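Mapping of the sequence shown onto my numbering: residues 607 to 1056, in sequence order. Even glycine gets a Cβ: it sits at the ideal position worked out from N, Cα and C. Bear in mind the structure is a predicted one, so any value in this text is a computation, not a measurement.
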Amino acid sequence: MANVFDQKLNDFMAKIIAKNPSEMEFHQAVHEVAESLIPFIEEHPKYKDAKILERMAEPERVILFRVPWLDDKGEVQINRGYRIEMNSAIGPYKGGLRFHPTVNLGILKFLAFEQVLKNSLTTLPMGGGKGGSDFDPKGKSDNEVMKFTQSFMSELFRHIGPDTDVPAGDIGVGGREIGFLFGQYKRLRNEFTGVLTGKGREWGGSLIRPEATGYGCTYFAEEMLKTRNDSLKGKVVTVSGSGNVAQYAVEKVTQLGGKVVTLSDSSGFIHDPKGIDADKLAYMMNLKNVKRGRIKEYADKYGCEFYEGKRPWMIKCDVALPCATQNEVNEEDAKTLVANGCFVVSEGANMPSTPGAVEVYLKAKILFGPGKAANAGGVAVSGLEMTQNSMRLSWTREEVDAKLHQIMRDIHETCVKYGKDADGFINYVNGANIGGFVKVAEAMLAQGLV
Ligand code: NDP
Ligand code: 2IT
607 MANVFDQKLN DFMAKIIAKN PSEMEFHQAV HEVAESLIPF IEEHPKYKDA
657 KILERMAEPE RVILFRVPWL DDKGEVQINR GYRIEMNSAI GPYKGGLRFH
707 PTVNLGILKF LAFEQVLKNS LTTLPMGGGK GGSDFDPKGK SDNEVMKFTQ
757 SFMSELFRHI GPDTDVPAGD IGVGGREIGF LFGQYKRLRN EFTGVLTGKG
807 REWGGSLIRP EATGYGCTYF AEEMLKTRND SLKGKVVTVS GSGNVAQYAV
857 EKVTQLGGKV VTLSDSSGFI HDPKGIDADK LAYMMNLKNV KRGRIKEYAD
907 KYGCEFYEGK RPWMIKCDVA LPCATQNEVN EEDAKTLVAN GCFVVSEGAN
957 MPSTPGAVEV YLKAKILFGP GKAANAGGVA VSGLEMTQNS MRLSWTREEV
1007 DAKLHQIMRD IHETCVKYGK DADGFINYVN GANIGGFVKV AEAMLAQGLV
């Protein structure tokens, strides 16, 4: 039987690759999903006949635009802007904007494709989208970041809206960028609406949105541990990244009694065997969010080791939370993690594990929470921000956190429902892919050939 599915998967992927040449990350994301879904679709001919998976792999709309701006020296700079409006079957397009020099069409299509299934898993009515630019905010002045974002929004504004497409942050887009983007949108449209999420709390932002992805990824790890009557208490945890997601993962793991011993950025990682406590985290957050410095400075300040150009997966741990970027854990890293006793991987980043790494986790039958399930807390609280904006009300921290926690439990339950193997092992990859797919597929069937 496996061979029949392999053949169908190969045929399906051959078409995807031919149609979307050189979009490697997109191929990777679609392949992983198709591998889970093809056997399921074979059992449900209505999805097969309506070519739901084929339609989902084709964006509803792709917007690509020029972003000219003047730097501080008065020199003209030109970047490229994108918005991928992937799927609106269950709600307005929703997903972040990424500003990073590596951004290209294939990366944003992989992120948009993942976002469709992730948003479906949250239980909230959000379609999927993603966008961004090859603009690099690193080393730019606040003024340059503002100039760029204003120019970016001067084109994007005509394509988005609170009931159409609602962007948010991702790599390189945090509170500062969302502020500038919102200001420019409001000026162009003369409307104060919930068109972006991740806003400041004084102007429509939701409490807990900054924390949501990191907290949610930690809650998801805790839910997975519960299936083995275990918890994060006393666990040694490695975290990669030192941005938004990593920061609040560290905070929540520490609150739940775990010890985080690593952090990283694109220059390398730090290993602090004593653990990153609340004071050290506060130092790191100021370093990254205000001073915009490098993680090495943490090692200099606290007298611990900095490993230049390396990733933290060589450090012995019980739990690993990759929170930086795609393909940051390869097959070798995964083998090292498992050999060192790591038995939980909860992905804060999008697709941080390569296909080879995922294979290692599944073979070793460790608890592996793929990004579209484990990091869905961020977009879930974005959904809650949209609700609060529509109601013109704001909920307390406790209310939002309780809703986030419940959503992460629900996502976990969905993964168990669709991902439990005959031997009782929970394959969260299959669970998340099938669980996310069903709702979108049903909506697409109901809405006809659109
Ligand atoms: P930030 O920009 O706040 O932080 C990104 C972190 O990852 C930085 O430490 C950065 O280091 C590091 N990093 C980025 N690119 C690379 C790279 N190519 N190689 C090595 N390190 C890298 O982004 P977020 O924390 O928001 O996002 C992190 C991940 O989480 C991404 O995969 C994102 O898609 C995902 N995610 C984010 C959500 C959110 O709500 N923000 C929601 C769900 C998922 P440096 O500063 O040196 O570049
Ligand atoms: O990848 C993601 O889910 C995000 N970057 C958050 C998207 C959002 O709309 O909050």
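Pairing residue 644 with residue 611 gives a Cβ-Cβ distance under 8 Å. Taking one beta carbon from each stretch, the stretch 710-719 and the stretch 676-685 have fewer than 3 pairs nearer than 8 Å; the two do not touch. Remark: three or more beta-carbon pairs, one from each stretch, lie closer than 8 Å, so the stretch 831-843 and the stretch 865-880 are flagged as touching.
If you ignore the 5 residues before and after residue 936, its C-beta comes within less than 7 Å of the C-beta of 960, 962 and 963, all in its own chain and listed in chain order. Residue 635 and residue 957 have their C-alpha atoms some 8 Å from each other. Under a 10 Å Cβ-count criterion, residue 896 is classified as exposed, with fewer than 16 other Cβ atoms of the shown protein chains found around its own Cβ. Residue 684 is bridged by DSSP to 674. For residue 811, the closest alpha carbon among the candidates 987, 1019, 1047 and 1014 is that of 987. The ligand NDP has no heavy atom closer than 7 Å to the beta-carbon of residue 739. Residue 886 and residue 850 have their C-alpha atoms some 16 Å from each other. Under the DSSP assignment, residue 885 falls in the alpha helix (DSSP H) whose first and last residues are 884-895.
Nearest neighbour of residue 946 by Cα position, chosen from 983, 919 and 1025, turns out to be 919. Distance from the CA atom of residue 642 to the CA atom of residue 747, rounded to whole angstroms, is 45 Å. Straight-line spacing of the CA atoms in residue 1028 and residue 1017 works out to 20 Å. As summarised for the stretch 778-866, the continuous beta strand (DSSP E) elements at least 3 residues long and confined to that stretch are 842-845, given in chain order. Under the DSSP assignment, residue 868 falls in the beta strand (DSSP E) whose first and last residues are 868-871. A direct Cα-to-Cα measurement between residue 982 and residue 730 gives close to 11 Å.
Under DSSP, residue 1032 takes part in a beta bridge, and its partners are 1026. In the three-state reduction of the DSSP assignment, residue 981 falls in the coil class. Within the DSSP bridge table, the entry for residue 693 names 734 as partners. DSSP lists no beta-bridge partner residue for residue 621.
The stretch 722-737 makes no contact with the stretch 780-800; the number of CB pairs closer than 8 Å stays below 3.
With contacts defined as CB atoms closer than 8 Å, residue 772 and residue 803 qualify as a contacting pair. Taking 7 Å as the cut-off, the C-beta of residue 706 counts as close to a heavy atom of the ligand NDP. Among the bridge pairs identified by DSSP, residue 973 is matched with 950. Residue pairing by DSSP places residue 876 opposite 869 and 912 in a beta bridge.
DSSP, read as helix, strand or coil, puts residue 628 in coil. Cβ-Cβ separation between residue 1021 and residue 989: approximately 19 Å, too far for a contact (criterion under 8 Å).
At least one heavy atom of the ligand 2IT is found less than 7 Å from the C-beta of residue 988. Taking every protein chain shown into account, the CB of residue 831 has 16 or more other CB atoms within 10 angstroms, so this residue is buried. Taking residue 632 as the centre and dropping the five residues before and after it, the same chain places the C-beta of 626, 712, 715 and 716 closer than 6 Å to its C-beta, in chain order. Proximity of the beta carbon of residue 936 to the ligand 2IT is not indicated: no heavy atom of the ligand is located closer than 7 Å. Nearest to residue 751 by alpha-carbon distance, out of 1008, 676, 822 and 874, is 676.
Within the same chain, and ignoring the five residues on either side of residue 669 in sequence, the residues whose Cβ sits closer than 6 Å to its Cβ are 689 and 765. By the C-beta criterion, the stretch 1023-1039 is judged to be in contact with the stretch 970-981, since at least 3 inter-stretch pairs fall below 8 Å.
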